[in-house]
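Okay, so here's the structure we're looking at.
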Amino acid sequence: MALNPFEFFMFHLAYCLIAPKNAPQGLHSTMTDSAYFLLVDTYLKYFLPIEGSVPSSPFSDSRGSVAASSPRSSSTPFAGYGIHSPSLLKHHIFHQPSVNADPAAQEIWRSETLLQMFVEIWLHHYSLEMYQKLQSPQVKEPFSPSEEHVLVVRLLVKHLHAFSNSLKPEQMSSSASAHSHAHTSPLEEFKRVVVQWFVQQKLFLFLQHCFGHWPLDASFRAVLETWLSYIQPWRYTGEKSGPQPDPDRTVHAKWEPFVHENLLMYTKLFQLFLNRAVRTDLVNAKNALMVFRVAKVFAQPKLAEMIQKGEQLFLEPEHVLHHRQSRGYLSPSQGGSYLSSRQRVVTDMVFKVKSHVYSLEGQDCRYKQMFGSEFRAAVLNFIQVIAQARQTAKRISDQSSEVAANSSFLFWLGLSSADLNNTLTGTEPEESGERLKKTHEFLDRALDYLCQIFKLNQGQLTQLISNLSFSQEDGPSKQLPDCIVGENGLILTDVGRRQIINGLRRFDIQYQGDPELQPIRSYENAMLVRFFYRVSSLINERLGGRMNMLCRRSDFLGQLGRHYLMDPDYFRPKRSPMSRHTLKQHWRPRLSLRFLASYRTLLLLLLLYVLGALVSLGPLSSTALLLMGALLYGILETLFRDRLKTQ
Numbered sequence: 012m013a014l015n016p017f018e019f020f021m022f023h024l025a026y027c028l029i030a031p032k033n034a035p036q037g038l039h040s041t042m043t044d045s046a047y048f049l050l051v052d053t054y055l056k057y058f059l060p061i062e063g064s065v066p067s068s069p070f071s072d073s074r075g076s077v078a079a080s081s082p083r084s085s086s087t088p089f090a091g092y093g094i095h096s097p098s099l100l101k102h103h104i105f106h107q108p109s110v111n112a113d114p115a116a117q118e119i120w121r122s123e124t125l126l127q128m129f130v131e132i133w134l135h136h137y138s139l140e141m142y143q144k145l146q147s148p149q150v151k152e153p154f155s156p157s158e159e160h161v162l163v164v165r166l167l168v169k170h171l172h173a174f175s176n177s178l179k180p181e182q183m184s185s186s187a188s189a190h191s192h193a194h195t196s197p198l199e200e201f202k203r204v205v206v207q208w209f210v211q212q213k214l215f216l217f218l219q220h221c222f223g224h225w226p227l228d229a230s231f232r233a234v235l236e237t238w239l240s241y242i243q244p245w246r247y248t249g250e251k252s253g254p255q256p257d258p259d260r261t262v263h264a265k266w267e268p269f270v271h272e273n274l275l276m277y278t279k280l281f282q283l284f285l286n287r288a289v290r291t292d293l294v295n296a297k298n299a300l301m302v303f304r305v306a307k308v309f310a311q312p313k314l315a316e317m318i319q320k321g322e323q324l325f326l327e328p329e330h331v332l333h334h335r336q337s338r339g340y341l342s343p344s345q346g347g348s349y350l351s352s353r354q355r356v357v358t359d360m361v362f363k364v365k366s367h368v369y370s371l372e373g374q375d376c377r378y379k380q381m382f383g384s385e386f387r388a389a390v391l392n393f394i395q396v397i398a399q400a401r402q403t404a405k406r407i408s409d410q411s412s413e414v415a416a417n418s419s420f421l422f423w424l425g426l427s428s429a430d431l432n433n434t435l436t437g438t439e440p441e442e443s444g445e446r447l448k449k450t451h452e453f454l455d456r457a458l459d460y461l462c463q464i465f466k467l468n469q470g471q472l473t474q475l476i477s478n479l480s481f482s483q484e485d486g487p488s489k490q491l492p493d494c495i496v497g498e499n500g501l502i503l504t505d506v507g508r509r510q511i512i513n514g515l516r517r518f519d520i521q522y523q524g525d526p527e528l529q530p531i532r533s534y535e536n537a538m539l540v541r542f543f544y545r546v547s548s549l550i551n552e553r554l555g556g557r558m559n560m561l562c563r564r565s566d567f568l569g570q571l572g573r574h575y576l577m578d579p580d581y582f583r584p585k586r587s588p589m590s591r592h593t594l595k596q597h598w599r600p601r602l603s604l605r606f607l608a609s610y611r612t613l614l615l616l617l618l619l620y621v622l623g624a625l626v627s628l629g630p631l632s633s634t635a636l637l638l639m640g641a642l643l644y645g646i647l648e649t650l651f652r653d654r655l656k657t658q
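Take any residue in the sequence shown, note its place counting from 1, add 11, and you have its number in the working numbering.
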């Protein structure tokens, strides 16, 4: 690979980002504050200037011994709209410097080389051919970008938009005609095509890969902001805006060609985001913020109409295009119409939209409309998911407030329970208080924006939410998640998974194994638990047969034996994938002394023995009295339980 010193340096600078590296332990710093991020930003501003021209190289001389040739001469414009060249680096290598290179073309060779290096290395795995290979099941090591990688790509996208938007309006309009290329400087021509010609295809495949493979957590924010930066070039025009930009600012009509020529960036990636969002925990404020950000961007006035018009252009039938083309290019003297110029513009836009979609998806692609009936059903389902998450956030916020109010006094006394089973499920420690309020606010505003984008009236939204509330009127604790019955028990459906993720419903999880082998609790003495387990196991091993015979009797003694020797949970219906034989072994009659290892039981026994000593009762007398009381309690409970059943 023949590289001159400038290319060699830029190659290694770009490769540092994706090269595997071992970060020092305990070193935590944000990527935007790192030296690499600042260095890349400096090089972009220097070699792709927003104002002025590219500074001349201090090492070039009249002989051109160091300066490389431009990838194209000034007489060869950036033609072939929508046609992506092969590797630009290879193209550059095969065209070595010439002594008689055009000085005007030499003006931007370093700028183009810098961009080629960054794009080829950072997005190398996302050429169309490489992306198709990565989707093959035979690939064992797929390329996974890091969060730092995505942040630097976003920096590149933002600067390229600012660089491209610095093109003056008169130069932008004049560059559209073929005869004016001779009067356009290479830098201005470079600005005109830099985004579409160098970045579009690989960035689309890069984002598509990230949307499909990135973990369902808050780190996806970096990918999301990169996408939103690309589809909003009007944010980087250099125009001075107020300290608080107007959220209802209309997207200017001059951006309509950009929207049409990047149609898949808007439609397909929005659909991929929706597929991610329905599988995400939207009760989490960070995930709710991402939904709000996307909805807010697409709800900008006129943007949805531009996207919808782009879809209509792509769906224009081929025979209509040929009919327009045969009639539209005639002058009025030849029998044409004065509307022919407008028809020609429309036809050109149709071809550009179609070439954009076909170049990224292939000629045999099946385009799924963003504003079609099929995707509209998915949007309505997503709105229900948002409404569910919003209700869950409000319910958890109310419950946490009640728990905090009720337990504050006990916590002050040091008597509040530390049992993890009593905590609210489905939330993280940070998901409380102000964060839950933010979640509700983000989701509420996201619903409003989605209604604006897809033209949903308030009646439809109210109907969706009322249907949701009606189906959940019994509360989440009284309903199981949506599931089907399989061979080994219940199997969750996709709807059930979303209900669990958003905290709408949950299973009533109970321990159904051997009761004696449950984990030792914080309110139990570990040494006593093990000691009483050995004692009770020895008794059960020697007297297990007699216990079985006693519990099988149908008279009063059998009922009393079942009361003491069998767990009450034995008579409840079991929902366990374990075999019935294993469950019967766990629930056979046995003596359990584990309750004596509880600190509460020990404290109660100590108080009773102290009370007995106060009334002049010895330890044996107190023990006998306690045993008689326990026997009498069991007899009375057995009698009254039978009477209640008969009534």
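We treat Cβ as the ideally placed atom computed from N, Cα and C, and that holds for glycine.
Residues Val-210, Leu-214, Thr-237, Ser-240, Tyr-241 of the same chain have their beta carbon placed closer than 8 Å to that of Val-168, with the five preceding and five following residues left out of the count.
Under DSSP, Ser-609 forms a beta bridge with Glu-535. With contacts defined as CB atoms closer than 8 Å, Gly-223 and His-271 fail to qualify as a contacting pair.
In this structure, Leu-293 and Ala-233 do not form a Cβ contact; the two beta carbons are roughly 19 Å apart against a cut-off of 8 Å.
Taking 8 Å as the cut-off, the beta carbon of Lys-307 is found closer than this to the beta carbon of Tyr-460. Here Trp-133 really is in contact with Ala-25; their C-beta atoms are around 6 Å apart, less than 8 Å.
The Cβ-Cβ distance between Gly-569 and Leu-561 falls below 8 Å. Relative to Phe-542, the option among Leu-125, Ala-608, Asn-499 whose CA is nearest is Ala-608. By the 16-neighbour rule on beta-carbons within 10 angstroms, Phe-217 is buried. If you compare the alpha carbons of Gly-500, Leu-50, Arg-290, Thr-278 with that of Tyr-378, the shortest gap goes to Thr-278.
In this structure, the beta-carbon distance from Phe-518 to Leu-549 does not fall below 8 Å.
In the three-state reduction of the DSSP assignment, Leu-293 falls in the coil class. No Cβ-Cβ contact shorter than 8 Å links Leu-458 with Ile-495. When C-alpha distances from Leu-171 are compared across Gly-249, His-160, Gln-402, His-220, the shortest belongs to Gly-249. Across the structure, Val-204 and Phe-19 are spaced so that their CA atoms are roughly 25 Å apart. Taken atom to atom, the span from the alpha-carbon of Thr-473 to that of Phe-386 is near 20 Å. Distances from the CA of Leu-274 to each of Ala-310, Gln-212, Arg-304 were compared; the closest alpha carbon is that of Gln-212. The C-beta distance from Leu-324 to Val-262 rounds to 17 Å, too long to meet the 8 Å contact threshold.
Secondary structure note for Ile-29: its alpha helix (DSSP H) is the uninterrupted segment 16-29. Val-302 sits buried, since 16 or more C-beta atoms from the chains shown fall within 10 Å of its C-beta. Looking at the backbone, the Cα of Phe-231 and that of His-574 are separated by about 56 Å. Counting only the Cα atoms, Leu-604 lies some 19 Å from Tyr-620. Put simply, of Arg-599, His-220, Val-130 the residue whose alpha carbon is nearest the alpha carbon of Trp-208 is Val-130.
Partner residues in the beta bridge of Gly-500, as assigned by DSSP, are Gly-497. Annotation for Ala-310: Tyr-460, Gln-463, Ile-464 place their beta carbon closer than 7 Å to its own, counting only its chain and skipping 5 residues before and after. Pairing Phe-606 with Leu-539, the inter-Cα distance amounts to about 10 Å. Leu-602 sits close to Asn-551, with the two beta carbons spaced by under 8 Å. Taking the CA atoms as reference points, Cys-221 sits about 13 Å from Arg-165. Measuring C-alpha to C-alpha distances from Glu-452 to each of Leu-467, Glu-498, Ile-476, Gln-402 identifies Gln-402 as the nearest.
With fewer than 16 other beta carbons inside 10 angstroms of its own, Glu-445 counts as exposed. Counting of Cβ neighbours within 10 angstroms places Phe-651 among the exposed residues, the total staying below 16. Within a 10 Å sphere around the beta-carbon of Gly-556 sit fewer than 16 other beta-carbons, which makes this residue exposed. In the displayed model, Ala-457 falls within a helix according to three-state DSSP. For Ala-173, the uninterrupted alpha helix (DSSP H) segment begins and ends at 158-176. For Val-364 and Gln-243, the gap between their C-alpha atoms comes out near 18 Å.
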